[in-house]
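Here the structure comes first, spelled out in C-alpha cells, and everything after it is commentary.
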Amino acid sequence: MGYRKVAIVGAGITKFVRRAQETGPEMAYLASKMALDQAGLKLKDVEMITLGSAPDAFDGVHMKGEYLLSGAGGNNKPYIRNFVGGGTGVFAPIHGWIHVASGACDVCLVVCSEKMSSCHPHPQGAFLTIFDHTTEQPLKPTLIWIFALEMRRYMETYGLSKADVARVAVKNKNNALDHPSAQVAEAVTLEDVLNSEVLAEPVNRLDISPASDGAAAVVLASEDVAKRLTDKPVWIDGVGWNLDTSYWATKDLYYPRYVEKAARMAYEMAGITEPHKQIQVAEPYDPFDYKELHHMEGLLLCERGEAARLTAEGYTARSGNLPTCPSGGALGVGNPIAATGLMKVIEIFLQLREEAGKRQIPGKPRVGVAQAWGDLMQVGTVIVLRR
Amino acid sequence: MSFKESIQLNTQLGYFEGEIPVNYQYTLGIAGTKFFETLMNEGQFVASECKTCGVKTIYPLIYCEECFSAIDTYVPVGLEGELYSFTKCYRDYQGKEYQTPHLIGLIRFEGIKGGIIHRLGIDDKEVHIGMKVKAKLKPAKERNGTLEDILYFEKS
Amino acid sequence: MIINNVPMKGLTSEEYEKAIKISWKPQLQYAWDNGIGIGKYLASLKEGMILAAYCQKCGRIMLPARAFCEMCWRPTDRYVTVKDTGVVNTYAICHINWDASRLKPDEPRHIPAVIEIDGASQGQGILHILGNVEPSNVKIGMKVKAVWKPAAERTGSITDIRFFEPY
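Residue numbers (numbering that gives the first Met the number 0), protein chains in the order written: chain A, 0 to 386; chain B, 0 to 155; chain C, 0 to 166.
Below, the structure is given as C-alpha cells:
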C-alpha cells in the first residue's frame, strides 16, 4: 500500500514501581537511553520522536509532552505527544510507524513515561471527568463502576463465573515472576484472587492491575537502516486503531467492537486471514482480568465467549498453543498506563527475537500481536509484529 | 432540527459546575534531590556536569540534553550569578494586586547552561540586565530543601 | 540481548516519608454548559420526562437526547419522549468511594446500572443508580422504573430521577 517497511531495532524499559524516586523526565531518559544503547545508536542518529503519556492529571503536570521532552531526547527535534487514553502505549509505536513508513524519517524514537504516584488521594480521582459532566457526574460515579458494569455484562452474556475470569489474573501474576520490571509479581492462587477484597462487585482487588510509575521506549528504523543495525529486526507488519461511540452506555458492553475493527485493520495490512492460526503470541491489554478475555475475542484469536475456557485449558499459558501476556501483563508487571502498552510491544519484540529469557515461549514464534485499550472504554490499538 | 434551534433567553442557559478533586505530592527526582539537599545542607548551588561533552546544567539533570550521556557528576557553583533578564510584576497569579511590585529575575551562572528564576531584592532604580547578583538564603536551620530556602537574589 | 536488569528501584514507604516533597492542590473549577441537545434533555427531566432524539436516516431513537446523530453524522430530526421505565442491562455493587476509600459497613452500597430505557432503540442505555432493592436481589434483565423527585424539587438534572427501582 505504499508504506515503507519499519522495524523495531531496540527496546528499553524501567522497573515498574509503586513510587519512583526519579521524576517523569528522568524515567523517560532511563528507558530511552537503554533503547538507543540496545539499538547501537546515539541521540544524534534519531530524527524524530513521539511521546506517549496518559492524562496530565496523573503526573499533575499540565502539558506533560513538553515536561517529558528532554528526557525523551526531544530537544530541538521534530517531537510530538500522542494520546488515546489507555490505548496510548500501543498507539505510540503506531505513531512512530507513521513517521517512518511514510518516509518522513528513517529513525524514530518512541517513548512512554508515566508517573502516577504524584496523584492523591488516588489516581482514580483524575479520571472522574471521564464521565459526562452533565448526565453522569451528578450521580457521583467512581471510576471502577464502568469496569464492574462491563465485566458483569460480559460474564452474564457467556455464563461465566468469577473463577473463569480470575484465572487470567493467576496466569499473568505468575508469569510476571520472571519479568525484571515487575512491580507486583505474586505467586497467587485462584483462591487468593477470589478471596481478595471486593471493591465493586464483580470486581475484587486482585482482578485489577496496580497503579505504577514506569517508562518504556523502542527505536523504529526503516528497512535499510534496520538491516544495517541488526541481524534480528522485528518488523511492524500491521497497525490498526479505532474508537467506538462516546455514549458508552449505549454500546454492547460484552464485546469490544472497536478492538475487532482495529485488529482487522492491522491484520489486513499484515496479510493475516486466520489470526488464531497465524499468530503465535499475543499481549492483549489486561488492566482487569476480564479485559484480557474481552480483548482475545476482539482480536479474533478465538470465538466469542471462548476465551475463558481456553484460559482454563492452558491454551494461553506460556506452554500453550497461543500464549497471552507471557510478560505478566498489566496485572503482573504493573500498570503505568502508556508504558504498559509499550511494555507489551517490547514483550512481543523480545519473544520474536527469542530474547525473552525465562519468559521465552517455545516454538520459535514468528508473528505476534500487542493491543491496548482505553479512553472511555472505546479505543482499541493493535500492532502486529513479525520476525 | 437541533442546529437550527437557538436559545433566546440567557436565563435559559444552563451549566453544571465541577472540579477535579485531586492534589499532588511531587518528589524531586535524582538530580533535583541533589540540588535541593545541597542547597539545604551546604548553602550552595550545584550544576550537573556531562563528562562526555562538558556541558554543565542548572537545574542539574541525570542526563545530558546535548549528547544524552548519563550524568552522575555534580559541581559546586556558589551563589553568585548574573541577571539575564527581569520583570516587574504588579499582580499575583490570581490577579490580586501586590502591596509593592515584585521584581522577578532569571539568573544565570558563568559557564553553565540554564538558570534560576527567583525574586530580586534589588531597588528597581538600580536593577539592570548583566548586573552581578547573589542568592540570599534563609538561615541554615530554617531551610527545608525547597525553592523557598532562597529568600531572594541581591546585588553582590 | 536478554534484558535481565532494568533501572529504577522505587521508594519504600519509609524513604518516601523522608523524601523532600512539594505539595500542590490545583484550584480548578469548571462550569460546563449544557448545550443544545442535553439542555433539552435536562429541561425535560425537570418536567418529569425522559427525552430522546430521533434520526430519520438510521431510525435510531437515541439517549440521551443529542443535537446530532454520531453514527450518521447529521443533525437529529426531532425529540421523542420515551418511557421512564427500562431494563437493567448490567449493574455493579460498589463498596468504595471515588478516592478508593472504603464505604463503612453500615453505609448503603452504591448500585450503578446501565438501564435500557423503554421506547428508545434497542441498547440505548443510560447510567443511573438502583434503589429500593437489596443488592443481592438485583438481576440483569430486571424491569425498573424511575423514582422522581417531587416536581418542586427538580432542577433539570439527571438527579431529578432519584434512582430506578424494580416494578
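The C-beta atom is built at its ideal place from N, Cα and C for all residues, glycine as well.
Q.
Across the stretch 101–121 of chain A and the stretch 329–344 of chain A, are there enough close Cβ pairs to call them in contact, namely three or more that are closer than 8 Å?
A. The stretch 101–121 of chain A vs the stretch 329–344 of chain A: in contact.
Q. If you draw a straight line from the C-alpha of A:Gly328 to the C-alpha of C:Glu46, how long is it?
A. Indexing the first sequence from 1 puts residue 328 of chain A at position 329. Indexing the third sequence from 1 puts residue 46 of chain C at position 47. If you draw a straight line from the Cα of A:Gly328 to the Cα of C:Glu46, it is about 49 Å long.
Q) Distance, Cα to Cα, A:Ser221 vs B:Pro59? A) Against the first sequence, residue 221 of chain A aligns to sequence position 222. Against the second sequence, residue 59 of chain B aligns to sequence position 60. Cα-Cα distance, rounded: 35 Å.
(Q) By alpha-carbon positions, which one of C:Trp72, C:Ile157, C:Leu10 ends up nearest to A:Thr244? (A) By one-based count along the first sequence, residue 244 of chain A stands at place 245. For the residues C:Trp72, C:Ile157, C:Leu10, the minimum Cα distance to A:Thr244 belongs to C:Trp72.
Q.
Using a Cβ-Cβ cutoff of less than 7 Å, which residues in the same chain neighbour C:Lys144 once the five nearest sequence positions on both sides are dropped?
A. Here residue 144 of chain C refers to the residue found at position 145 when the third sequence is read from its first residue. Same-chain partners within the cutoff: Asp83, Thr84, Phe163, Glu164, Tyr166.
(Q) Between B:Phe44 and chain C, is the shortest Cβ-Cβ distance under 7 Å, so that the two count as touching? (A) Working through the second sequence from its first residue, we reach residue 44 of chain B at position 45. Residue-level contact by beta carbon fails for B:Phe44 and chain C, as no gap is shorter than 7 Å.
Q. Tell me which same chain residues have a C-beta within less than 7 Å of the C-beta of C:Gly140, skipping the five on either side of it?
A. To locate residue 140 of chain C, count along the third sequence from 1; it is residue 141. If you ignore the 5 residues before and after C:Gly140, its C-beta comes within less than 7 Å of the C-beta of Val86, Val87, all in its own chain and listed in chain order.
**Q.** Euclidean distance between Cα positions of A:Ala216 and A:Ser31
**A.** Within the first sequence, residue 216 of chain A is the residue found at index 217, counting from 1. Within the first sequence, residue 31 of chain A is the residue found at index 32, counting from 1. For A:Ala216 and A:Ser31, the distance between alpha carbons rounds to 5 Å.
Q) Leaving out the 5 sequence neighbours to the left and right, which residues in its chain are closer than 7 Å to A:Glu25 when beta-carbon positions are compared? A) As a position in the first sequence, residue 25 of chain A is number 26, starting the count at 1. Closer than 7 Å at the Cβ level, and outside the excluded window around A:Glu25, lie Gly70.
Q | A:Asp105 in three-state terms, based on DSSP | A | Taking the first sequence and counting its residues from 1, one reaches residue 105 of chain A at position 106. In the structure shown, A:Asp105 sits in coil (DSSP, three-state: anything other than H, G, I, E or B).
(Q) Rounded to the nearest angstrom, what separates C:Asp117 and C:Val81 at their Cα positions? (A) Walking along the third sequence from the start, residue 117 of chain C turns up at place 118. Walking along the third sequence from the start, residue 81 of chain C turns up at place 82. Within the model, the alpha-carbon separation for C:Asp117 versus C:Val81 is close to 7 Å.
**Q.** Beta-carbon separation (whole angstroms), B:Leu38 vs B:Gly144, contact threshold 8 Å
**A.** The residue given as residue 38 of chain B occupies position 39 in the second sequence. The residue given as residue 144 of chain B occupies position 145 in the second sequence. That pair is a contact at about 7 Å.
Q | A:Leu330 vs A:Asn171 beta-carbon contact at 7 Å | A | In the first sequence, counting from the first residue as 1, residue 330 of chain A sits at position 331. In the first sequence, counting from the first residue as 1, residue 171 of chain A sits at position 172. Yes, the pair counts as a contact, with Cβ atoms nearer than the cut-off.
Q.
Checking 7 Å against the spacing of the C-beta atoms, do A:Ala6 and A:Ala225 come in under that value?
A. Counted from its first residue, the first sequence places residue 6 of chain A at position 7. Counted from its first residue, the first sequence places residue 225 of chain A at position 226. Closer than 7 Å, so yes.
Q: Pull up the distance between the alpha-carbon of A:Trp240 and that of A:Leu341, whole angstroms please.
A: Counting from one through the first sequence, the residue named residue 240 of chain A turns up at place 241. Counting from one through the first sequence, the residue named residue 341 of chain A turns up at place 342. So the alpha carbons of these two residues sit roughly 15 Å apart.
Q. Based on Cα-Cα distance, which residue from A:Asp55, A:Leu40, A:Arg204, A:Gln37 lies nearest to B:Tyr23?
A. Reading the second sequence from its first residue, position 24 is the one you call residue 23 of chain B. Sorting A:Asp55, A:Leu40, A:Arg204, A:Gln37 by C-alpha distance to the C-alpha of B:Tyr23 places A:Asp55 at the top.
**Q.** C-alpha distance - C:Lys17 paired with B:Asn40, whole-angstrom precision
**A.** If you number the third sequence from 1, residue 17 of chain C lands on position 18. If you number the second sequence from 1, residue 40 of chain B lands on position 41. C:Lys17 and B:Asn40: Cα-Cα distance of roughly 15 Å.
Q. With DSSP run on the structure shown, which of helix, strand or coil describes B:Asp161?
A. Limits of chain B in this structure are 0 at one end and 155 at the other, which puts residue 161 of chain B out of reach.
Q. C:Tyr90 and C:Ala112: beta carbons closer than 7 Å?
A. Start at 1 with the first residue of the third sequence, and residue 90 of chain C comes out as number 91. Start at 1 with the first residue of the third sequence, and residue 112 of chain C comes out as number 113. Cβ atoms of C:Tyr90 and C:Ala112: closer than 7 Å.
Q: Kindly list the residues whose CB is nearer than 6 Å to the CB of A:Arg358, restricted to its own chain and excluding five residues on each side of it in sequence; keep chain order.
A: The count along the first sequence starts at 1 and reaches residue 358 of chain A at position 359. Closer than 6 Å at the Cβ level, and outside the excluded window around A:Arg358, lie Asp177, Pro325.
Q | Contact with chain A by C:Val5, beta-carbon distance below 7 Å | A | Locating residue 5 of chain C in the third sequence gives position 6, where the first residue counts as 1. At a cut-off of 7 Å between C-beta atoms, C:Val5 counts as an interface residue with respect to chain A.
Q | Cβ-based neighbour list, A:Cys104, same chain, cut-off 6 Å, excluding 5 preceding and 5 following | A | Residue mapping note: residue 104 of chain A aligns to position 105 of the first sequence, counting from 1. Answer for A:Cys104: Glu46, Met47, His98, listed in chain order.
Q: Would you kindly report the start and end of the unbroken beta strand (DSSP E) that includes A:Val366?
A: Position 367 of the first sequence, counted from the first residue, corresponds to residue 366 of chain A. From DSSP, the beta strand (DSSP E) with A:Val366 extends over 366–373.
Q.
Can you pull the chain B neighbours of A:Tyr28, defined as C-beta to C-beta under 9 Å?
A. The count along the first sequence starts at 1 and reaches residue 28 of chain A at position 29. Per Cβ cutoff of 9 Å: Leu60, Ile61, Tyr62, Phe67, Ala69.
Q. Could you check where the beta strand (DSSP E) with A:Asp36 kicks off and where it finishes?
A. Indexing the first sequence from 1 puts residue 36 of chain A at position 37. Where A:Asp36 is concerned, there is no enclosing beta strand (DSSP E), although the alpha helix (DSSP H) it sits in stretches over 23–38.
Q: Using only alpha-carbon positions, find the residue among A:Gly379, A:Lys43, A:Arg386 that is nearest to A:Val89.
A: Taking the first sequence and counting its residues from 1, the one referred to as residue 89 of chain A is at position 90. Among A:Gly379, A:Lys43, A:Arg386, the Cα nearest to that of A:Val89 belongs to A:Gly379.
Q. From A:Arg256 to C:Glu69, what distance separates their C-alpha atoms?
A. For the purposes of this step, residue 256 of chain A is identified with residue 257 of the first sequence, where counting begins at 1. For the purposes of this step, residue 69 of chain C is identified with residue 70 of the third sequence, where counting begins at 1. A:Arg256 and C:Glu69 have their C-alpha atoms some 16 Å from each other.
Q) Count the other CB atoms within 10 Å of the CB of A:Glu135; is the residue buried (16 or more) or exposed (fewer)? A) Counting from one through the first sequence, the residue named residue 135 of chain A turns up at place 136. So A:Glu135 counts as buried.
Q. Are the beta-carbon atoms belonging to A:Phe57 and A:Gly213 less than 7 Å from one another?
A. Position 58 of the first sequence, counting from 1, holds the residue named residue 57 of chain A. Position 214 of the first sequence, counting from 1, holds the residue named residue 213 of chain A. A:Phe57 is not a Cβ neighbour of A:Gly213, given a cutoff of 7 Å.
(Q) Between C:Ser135, C:Ile35, C:Asn136, C:Ile128, which has its C-alpha nearest C:Ile157's C-alpha? (A) Taking the third sequence and counting its residues from 1, the one referred to as residue 157 of chain C is at position 158. When only C-alpha atoms are compared, the closest one is C:Ile128.
Q) Nearest to B:Thr72 by CA position, among B:Arg142, B:Gly114, B:Ile29, is which residue? A) Mapped onto the second sequence, residue 72 of chain B falls at position 73. For the residues B:Arg142, B:Gly114, B:Ile29, the minimum Cα distance to B:Thr72 belongs to B:Ile29.
Q) Considering only the beta carbon of each residue, do A:Val187 and A:Asp288 sit closer than 7 Å? A) Here residue 187 of chain A refers to the residue found at position 188 of the first sequence. Here residue 288 of chain A refers to the residue found at position 289 of the first sequence. No, the pair does not count as a contact, with Cβ atoms beyond the cut-off.
Q) With a cut-off of 7 Å, does the C-beta of A:Cys118 fall near any C-beta of chain B? A) Here residue 118 of chain A refers to the residue found at position 119 when the first sequence is read from its first residue. Yes, contact with chain B.
Q. If we cut at 7 Å on Cβ distances, does A:His178 have a partner in chain C?
A. Mapped onto the first sequence, residue 178 of chain A falls at position 179. Closer than 7 Å: no.
Q | Integer Cβ distance of C:Cys93 from A:Ala199, believed to fall under 8 Å | A | If you number the third sequence from 1, residue 93 of chain C lands on position 94. If you number the first sequence from 1, residue 199 of chain A lands on position 200. Contact check for C:Cys93 and A:Ala199: beta-carbon distance about 4 Å, within the 8 Å limit, so the pair qualifies.
Q: Compute the distance between the beta-carbons of A:Arg80 and A:Gly59, then report whether it is under 7 Å.
A: By one-based count along the first sequence, residue 80 of chain A stands at place 81. By one-based count along the first sequence, residue 59 of chain A stands at place 60. With respect to the 7 Å criterion, A:Arg80 and A:Gly59 are not classified as neighbours on the basis of their beta carbons.
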